[in-house]
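Visitor: Same order as they appear, the protein sequences are chains U and H. Using the numbering used here, read the first sequence as starting at 1 and increasing by one per residue. Using the numbering used here, read the second sequence as starting at 1 and increasing by one per residue. Even for Gly, the Cβ is constructed at its ideal location relative to N, Cα and C.
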Amino acid sequence: MWKYSEQLMDHFMNPRNVGVLESPDGHAEVGSPICGDAMTLDIAVDDSDRISEIRFRTFGCAGAIASASALTEMAKGKTLDEALAIKNRQIADFLGGMPEEKYHCSVMGHEALHAAVADFRRKSAQVAEAASRLAASRPDAGLSLKKARPGKAVFVGGSPDRRLLISELSKALSESLGWPVEVELEQE
Amino acid sequence: MKVYLDNNATTALAPEVLDAMLPYLREQYGNPSSFHTFGSSVMPALEAARESVAALLGAADASGVYFTSGGTESDNWSLRGAVSLHESRRSIVTSAVEHPAILETAKEMEREGYPLRVVNVTGDGLLDMDGLGSALDASVAVVSIMAANNETGVLMPLSEVAEAAHSSGALFHTDAVQAVGKVPMRIDADEIDMLSLSAHKFHGPKGVGALYIRAGLKLPPLIHGGHQERGRRAGTYNAAGIIGMGRAAEIALQRMGIEREQVGRLRARLEQGILSSCPGAMIVAPAAPRLPNTANILFRGVESEAILTLLDLRGISASSGSACSTGSKDPSHVLLAMNVDRNCANSAIRFSLSRYTTDAEIDYVLEVLPQVIARLRSISPFA
Numbered sequence: 001m002w003k004y005s006e007q008l009m010d011h012f013m014n015p016r017n018v019g020v021l022e023s024p025d026g027h028a029e030v031g032s033p034i035c036g037d038a039m040t041l042d043i044a045v046d047d048s049d050r051i052s053e054i055r056f057r058t059f060g061c062a063g064a065i066a067s068a069s070a071l072t073e074m075a076k077g078k079t080l081d082e083a084l085a086i087k088n089r090q091i092a093d094f095l096g097g098m099p100e101e102k103y104h105c106s107v108m109g110h111e112a113l114h115a116a117v118a119d120f121r122r123k124s125a126q127v128a129e130a131a132s133r134l135a136a137s138r139p140d141a142g143l144s145l146k147k148a149r150p151g152k153a154v155f156v157g158g159s160p161d162r163r164l165l166i167s168e169l170s171k172a173l174s175e176s177l178g179w180p181v182e183v184e185l186e187q188e
Numbered sequence: 001m002k003v004y005l006d007n008n009a010t011t012a013l014a015p016e017v018l019d020a021m022l023p024y025l026r027e028q029y030g031n032p033s034s035f036h037t038f039g040s041s042v043m044p045a046l047e048a049a050r051e052s053v054a055a056l057l058g059a060a061d062a063s064g065v066y067f068t069s070g071g072t073e074s075d076n077w078s079l080r081g082a083v084s085l086h087e088s089r090r091s092i093v094t095s096a097v098e099h100p101a102i103l104e105t106a107k108e109m110e111r112e113g114y115p116l117r118v119v120n121v122t123g124d125g126l127l128d129m130d131g132l133g134s135a136l137d138a139s140v141a142v143v144s145i146m147a148a149n150n151e152t153g154v155l156m157p158l159s160e161v162a163e164a165a166h167s168s169g170a171l172f173h174t175d176a177v178q179a180v181g182k183v184p185m186r187i188d189a190d191e192i193d194m195l196s197l198s199a200h201k202f203h204g205p206k207g208v209g210a211l212y213i214r215a216g217l218k219l220p221p222l223i224h225g226g227h228q229e230r231g232r233r234a235g236t237y238n239a240a241g242i243i244g245m246g247r248a249a250e251i252a253l254q255r256m257g258i259e260r261e262q263v264g265r266l267r268a269r270l271e272q273g274i275l276s277s278c279p280g281a282m283i284v285a286p287a288a289p290r291l292p293n294t295a296n297i298l299f300r301g302v303e304s305e306a307i308l309t310l311l312d313l314r315g316i317s318a319s320s321g322s323a324c325s326t327g328s329k330d331p332s333h334v335l336l337a338m339n340v341d342r343n344c345a346n347s348a349i350r351f352s353l354s355r356y357t358t359d360a361e362i363d364y365v366l367e368v369l370p371q372v373i374a375r376l377r378s379i380s381p382f383a
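(1) If you measure beta-carbon to beta-carbon, which residues of the stretch 155–176 of chain U are closer than 7 Å to chain H?
(2) Flag residue 50 (chain H) as yes when its Cβ comes closer than 7 Å to any non-hydrogen atom of the ligand NAD, and as no otherwise.
(3) Less than 8 Å between the CB atoms is what I'm expecting for residue 158 (chain U) and residue 145 (chain U), so what's the real figure, rounded?
(4) Does the beta carbon of residue 42 (chain U) sit closer than 8 Å to a beta carbon anywhere in chain H?
(5) Is residue 146 (chain U) helix, strand or coil by DSSP?
(6) Residues of the stretch 20–54 of chain H with a CB closer than 8 Å to any CB of chain U: list them in chain order, please.
(7) Quick check for students: name the residue ranges of the alpha helix (DSSP H) that lie wholly in the stretch 133–167 of chain H, counting only runs of 4 or more.
(8) Is there at least one Cβ from chain U nearer than 8 Å to residue 363 (chain H)'s Cβ?
(9) Just verifying my parser: in three-state terms, what is the DSSP assignment at residue 44 (chain U)?
(10) Give the single residue among U:3, U:2, U:30 and U:39 whose Cα lies nearest to the Cα of residue 19 (chain U).
(11) List the DSSP bridge partners of residue 210 (chain H).
(12) Tell me which residues share the same chain as residue 113 (chain H) and place their Cβ nearer than 8 Å to its Cβ, disregarding the 5 neighbours each side in the sequence.
(13) List the residues of chain H whose Cβ lies closer than 7 Å to the Cβ of residue 57 (chain U), in chain order.
(14) Counting only beta-carbon separations shorter than 8 Å, does residue 39 (chain U) have a partner in chain H?
(15) Taking beta-carbon pairs under 9 Å, can you tell me which members of the stretch 296–316 of chain H lie near chain U?
(16) Grouping DSSP H, G and I as helix and E and B as strand, with all else coil, what is residue 14 (chain U)?
(17) Classify residue 361 (chain H): buried if its beta carbon has 16 or more other beta carbons within 10 angstroms, exposed otherwise.
(18) Report all residues from its chain with a CB closer than 7 Å to the CB of residue 75 (chain H); omit the five preceding and five following residues, and keep chain order.
(19) Which residues in the same chain have their Cβ closer than 8 Å to the Cβ of residue 215 (chain H), if we skip the five residues on either side of it in sequence?
(20) Report yes if the CB atom of residue 248 (chain H) is closer than 8 Å to the CB atom of residue 32 (chain H), and no otherwise.
(21) Please state the DSSP three-state secondary structure of residue 86 (chain U).
(22) Around the Cβ of residue 311 (chain H), are there at least 16 other Cβ atoms within 10 angstroms (buried) or fewer (exposed)?
(23) Taking the alpha-carbon positions, what's the residue 410 (chain H) to residue 270 (chain H) distance?
(24) DSSP state of residue 208 (chain U), grouped into three classes?
(25) Please name the residue, chosen from H:151, H:138 and H:274, that lies closest to residue 169 (chain H) on a Cα-to-Cα basis.
(26) Quick check: what's the CA-CA separation for residue 251 (chain H) versus residue 228 (chain H)?
(27) For a test of the three-state rule: what should DSSP assign to residue 4 (chain H), helix, strand or coil?
(28) Return the residue from the list H:110, H:79 and H:149 that minimises the CA-CA distance to residue 124 (chain H).
(29) Consider the Cβ of residue 109 (chain U): report whether some Cβ of chain H lies at a distance smaller than 8 Å.
(30) Taking 8 Å as the CB-CB cut-off, is residue 74 (chain U) touching chain H?
(31) Using a Cβ-Cβ cut-off of 8 Å, state whether residue 15 (chain U) counts as contacting chain H.
(32) Rounding to the nearest angstrom, what Cα-Cα distance links residue 8 (chain H) and residue 10 (chain U) in this structure?
(33) Give the single residue among U:80, U:50, U:55 and U:99 whose Cα lies nearest to the Cα of residue 62 (chain U).
(34) In the structure shown, what three-state DSSP assignment does residue 267 (chain H) receive?
(35) Would you say residue 65 (chain U) reaches chain H, if we count a Cβ-Cβ gap shorter than 8 Å as a contact?
(36) Between which two residues does the beta strand (DSSP E) carrying residue 54 (chain U) extend?
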């Protein structure tokens, strides 16, 4: 048996933030072909770009499970940039240290977080692009895009029948992107 | 509760064996090779041990038994010796599922210029006999095929391999470290030229084993020095160890029938219990002839080291073929050779039983294991 710290064993025995999010803002599936390990990570991101919810699943050893659990605890509530700055060394410290040979086990969690944030950013950009195109195609509505994220587009402006417009826009965006996108209209 | 199910790694020293050894660690500490009576009086006990080991192997000629420090030395000796007998025969043929004591030795020798051919196995872990056939020619010095695989327990067809090796003029060596003491060996009937064994795998002490060398085969020594073992294996006799090995061989032979049945019954209980309580579990090589004590189970979707860690916390010792240790985790070369995919190979657990395994221990494992698997499955992306 490896010599694991109490904290590490606690995170292995009682991993935090296990599971999946129903409609995540960012999703990642990563694996280490050498290790044969695999991991999924879901994040929800709030309007101020903070990770509000995070869930993981891991096929890996005790070190891999504990470091994934620790990473989710550390990343939760942080802005995306702050979360991306978390180092493997900090994960190990958070767990009260881990055997040198086990350091590589924490790499996968790190990789998953980067991939999930990249997924969030890619999807946000896709929504922004589709929403801008949509606004341009409806000059009558007087819309301009204020904010785009994977599940939501926020426009400023809008014609008299706002409720109808919101549902029309949402339908058009969801269809063009292939996933549900909620629409909000803000007053100018 | 403490449950030891890693008997293919090592076994408990039998109390009878310890009793047989103690006098030679206490008062009878003389060197068996000495001139004086105090030392030389130990020699008959060594010769008796040689007879016991020969009997366990099914060898009529006990003088073919050479005492060594264990299985690894015996394996090294057999390969190194075999390639030095004829200048035109320098190649080694072995299987993809051998223990590192053979595989790594053969690979090292390959680097030194002795050609190596590795024969594959079937999905059941049995030697590909056609592959063996095409690996054989007049350049082959020795065919080394294990008697029983340490990870899966699969038994290789020794007499067929011997026949194939001999028909091409090669010697046949078998690493029988896992088989000796668990299943009957028929070294004479199967026409085995050399056989490696290790005492601690059948309730003898660690650090002692033997290489059996067929009469007439002039295998040169690996270890040079004094005249022990008729000049073929130098080094002061590990008297207590050898005597312990002899006693362990005697007991293993005496009880072989009963133990095979008893251990086989417990293994069947364990396997059936796991299959019915752990969804996704799969037995490795269920249809192949196997050692009665070895169960290798794939717990698909759950990683083996995580399983071992949780079992260890509950007092259960088992093992896996891989170790996530030095930056890369290599799945078991045995399972990969059997075409088990990487993730599945990383979910393998080996349980190996012994004569001391009890029903209560199997009950305990069957109580704990499903909880462990369910817990890990609940956090696995493959669930």
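Guide: Taking the structure as given:
(1) Taking 7 Å as the Cβ-Cβ cut-off against chain H, none of the residues of the stretch 155–176 of chain U qualify.
(2) Ligands are entirely absent from the displayed structure, and the ligand NAD is therefore not among its contents.
(3) Contact flag wrong, Cβ pair sits at about 12 Å.
(4) no
(5) strand
(6) Here the close residues number zero.
(7) Correct list: 158–167.
(8) no
(9) strand
(10) U:39
(11) H:67 and H:197
(12) 90
(13) Under the 7 Å cutoff, chain H gives 379, 380 and 381.
(14) yes
(15) 301, 302, 303, 304, 305, 306, 308, 309, 310, 312 and 313
(16) coil
(17) buried
(18) 101, 102, 105, 175 and 196
(19) 61, 63 and 64
(20) No; because the gap between Cβ atoms is not below 8 Å, this pair is not in contact.
(21) coil
(22) buried
(23) A query on residue 410 (chain H) cannot be resolved here, the shown segment of chain H reaching from 1 to 383 and no further.
(24) Nothing in the structure corresponds to residue 208 (chain U), since chain U is present only between 1 and 188.
(25) H:138
(26) 27 Å
(27) strand
(28) H:149
(29) no
(30) Cβ-Cβ to chain H under 8 Å: no for residue 74 (chain U).
(31) Residue-level contact check: residue 15 (chain U) touches chain H, since one or more beta carbons of chain H fall below 8 Å from its beta carbon.
(32) 31 Å
(33) U:99
(34) helix
(35) Yes, residue 65 (chain U) lies at the interface with chain H (some Cβ there is under 8 Å from its Cβ).
(36) 51–59
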